[in-house]
Amino acid sequence: MGFSRDHALDAIESTESNRVEVAMEYALTHQPASPESLRRRRERREERRRRRQEAIASASNESDDRSEVDAAASTNDAGGQSSASERAEGEGSTSAMEVDQSNEQEKSTVDSVKQEEHVSAMLKVALEQWIDSAPKVSIMLLSSVTSHSIPSDTKDRSEGETEATTTVMSSFLLGFCQRYPEKRKLVMTDLLLRLRDRIEEKDDKGAFCTVTVGEETNFSSLCHAVVLFARALPSMRTVVLKMGLISAISSCVDRFLADASKDWPIWLSPALLLLDVMCQPITISSEKEESNDDTVSAGQWTVGRQDFHQVEKEHEQQAQNLKSIADSISRLSPNSPKANSPSSCDESKSGGSTDCSHSPNKDEEPSGKNPEPSNESPFSSVPPFCPLVPKHIM
Numbered sequence: 001m002g003f004s005r006d007h008a009l010d011a012i013e014s015t016e017s018n019r020v021e022v023a024m025e026y027a028l029t030h031q032p033a034s035p036e037s038l039r040r041r042r043e044r045r046e047e048r049r050r051r052r053q054e055a056i057a058s059a060s061n062e063s064d065d066r067s068e069v070d071a072a073a074s075t076n077d078a079g080g081q082s083s084a085s086e087r088a089e090g091e092g093s094t095s096a097m098e099v100d101q102s103n104e105q106e107k108s109t110v111d112s113v114k115q116e117e118h119v120s121a122m123l124k125v126a127l128e129q130w131i132d133s134a135p136k137v138s139i140m141l142l143s144s145v146t147s148h149s150i151p152s153d154t155k156d157r158s159e160g161e162t163e164a165t166t167t168v169m170s171s172f173l174l175g176f177c178q179r180y181p182e183k184r185k186l187v188m189t190d191l192l193l194r195l196r197d198r199i200e201e202k203d204d205k206g207a208f209c210t211v212t213v214g215e216e217t218n219f220s221s222l223c224h225a226v227v228l229f230a231r232a233l234p235s236m237r238t239v240v241l242k243m244g245l246i247s248a249i250s251s252c253v254d255r256f257l258a259d260a261s262k263d264w265p266i267w268l269s270p271a272l273l274l275l276d277v278m279c280q281p282i283t284i285s286s287e288k289e290e291s292n293d294d295t296v297s298a299g300q301w302t303v304g305r306q307d308f309h310q311v312e313k314e315h316e317q318q319a320q321n322l323k324s325i326a327d328s329i330s331r332l333s334p335n336s337p338k339a340n341s342p343s344s345c346d347e348s349k350s351g352g353s354t355d356c357s358h359s360p361n362k363d364e365e366p367s368g369k370n371p372e373p374s375n376e377s378p379f380s381s382v383p384p385f386c387p388l389v390p391k392h393i394m
């Protein structure tokens with residue numbers, strides 16, 4: 001029917017059927033195989049044929065040997081007894097080999113168990129090393145954020161240039177602290193120590209502090225991270241208070257307000273956020289006198305009475321300081337009435353100059369009232385986020 005021998009054999013091998021109809025249908029619906037495929041299939045057929053011949057020859061040899069052994073056993077009983085003893089010796093050697101194999105298997109099992117224990121010990125050591133080094137590396141990366149990594153045209157505004165790096169590193173550290181609660185205080189202490197290193201104390205009492213020159217961006221990043229920790233882990237707020245950082249940060253803000261000619265620094269927003277978070281109210285558990293574990297419920301957090309009484313007065317003092325800072329910032333904003341400045345009008349009183357913008361006109365009320373709002377601002381830009389200005393002041 002026009003099929004070559006190779007095409008027909010290919011159809012039979014592909015269908016694996018002895019029915020002519022099935023092979024013919026395959027041959028009609030499929031193109032002949034390529035010469036390379038036909039060559040490989042011929043080689044496989046030759047290999048199968050050769051194996052069949054070898055199997056037949058091996059079977060015939062075994063049958064001949066078996067017949068010779070049976071003939072020798074039937075003609076010579078002594079030979080049969082000797083052959084029986086030889087078989088017994090062979091069985092004994094076989095059992096000895098089996099024992100040796102079982103011993104080798106047991107030895108290999110013991111070796112594999114020891115190897116698994118060694119690998120587990122190595123993994124445990126590696127995990128412990130990672131637990132110790134991971135927060136240190138993350139905090140190092142967090143504290144390495146400087147103004148050199150920020151475009152020069154945005155360095156003068158507090159618009160969150162370091163937010164991406166700070167958020168990623170802080171998220172990792174928070175997840176790490178959730179997984180390993182025993183490391184929380186260590187991580188928070190390290191952050192606060194690095195934050196305190198960026199503050200210069202101008203006097204021995206620490207009442208007059210400023211942010212280290214050149215470390216403003218780094219200070220902002222660390223302060224932002226502390227804010228995230230103080231919100232996510234309320235128990236860490238006591239660590240911030242005990243280290244006395246709130247007073248130092250408040251002093252930095254006061255120092256900035258005293259020199260109103262400067263632009264808004266990049267660290268102002270995170271510093272005010274930290275002060276705002278630290279002034280949040282604290283609820284005390286009435287069921288336990290002291291509690292080592294924090295419990296979060298309905299957005300509030302519970303600490304022991306002893307810890308609360310240690311920081312209660314400092315909370316009240318910092319809240320008062322924060323209120324005065326908010327009032328100062330509100331007076332400096334462009335849409336709020338400016339406070340009367342007698343020193344700025346001394347020159348107009350003595351020399352008769354009319355350049356003082358706060359000098360009252362003839363039709364104005366006496367100096368007991370604030371002047372009208374002015375559109376002037378002592379700053380070149382206004383911070384995009386100022387959370388502490390009360391509504392009644394605005």
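For the sequence shown, full-length UniProt numbering begins at 1 and goes up steadily by one.
All residues carry an ideal CB built from backbone N, CA and C; glycine is no exception.
6 Å Cβ shell around residue i - same chain, five flanking residues per side excluded
| i | result |
| --- | --- |
| I199 | C209 and A248 |
| A215 | First, the amino acid is wrong: residue 215 is Glu here, not Ala. Correct list, in chain order: R198. |
| L322 | L275 and C279 |
| L38 | D6 |
Reference residue i, options the options, closest by Cα
| i | options | result |
| --- | --- | --- |
| F176 | S324, E201 and S133 | S133 |
| residue 402 | P270, V20 and R231 | Given that the chain is displayed from residue 1 to residue 394, the structure contains no residue 402 and the question cannot be resolved. |
| L275 | D263, A258 and G244 | G244 |
| T29 | E36, E21 and P35 | E21 |
| F256 | L241, D190 and I329 | I329 |
Contact check, residue i vs residue j, beta carbons under 8 Å
| i | j | result |
| --- | --- | --- |
| S143 | R194 | yes |
| T166 | H224 | yes |
| I173 | P135 | At residue 173 the sequence reads Leu, which differs from the Ile that was named. Their beta carbons are under 8 Å apart, which means L173 touches P135 by this criterion. |
| V227 | L268 | no |
| A23 | T15 | yes |
| R40 | E13 | no |
| T217 | I266 | yes |
Nonlocal neighbours in the same chain, by C-beta distance under 7 Å from residue i, ignoring five residues either side
| i | result |
| --- | --- |
| M188 | F229, M236 and V239 |
| A27 | F3, H7, A8 and A11 |
| D259 | none |
Beta-ladder partner(s) of residue i, from DSSP
| i | result |
| --- | --- |
| E200 | T210 |
Rounded separation between residue i and residue j - CA only
| i | j | result |
| --- | --- | --- |
| S17 | S120 | 55 Å |
| I325 | M140 | 32 Å |
| E116 | K185 | 35 Å |
| M122 | T109 | 20 Å |
| V253 | V145 | 21 Å |
| D10 | R50 | 19 Å |
| A33 | R52 | 26 Å |
| M278 | A232 | 13 Å |
| R19 | N103 | 55 Å |
| K242 | P234 | 14 Å |
| R5 | R48 | 19 Å |
| R44 | S112 | 41 Å |
| Q105 | S170 | 52 Å |
| V168 | R331 | 36 Å |
| A164 | S138 | 14 Å |
| A126 | K183 | 17 Å |
| K124 | Q280 | 41 Å |
| S60 | Q31 | 43 Å |
| D327 | Q320 | 11 Å |
| K114 | Q129 | 23 Å |
| E62 | E54 | 12 Å |
| Q178 | K107 | 44 Å |
| E36 | I56 | 31 Å |
Nonlocal neighbours in the same chain, by C-beta distance under 8 Å from residue i, ignoring five residues either side
| i | result |
| --- | --- |
| Y180 | I131 |
| L222 | L142, S143, L191, R194, L195 and R198 |
| E201 | F208, C209 and A248 |
| E46 | none |
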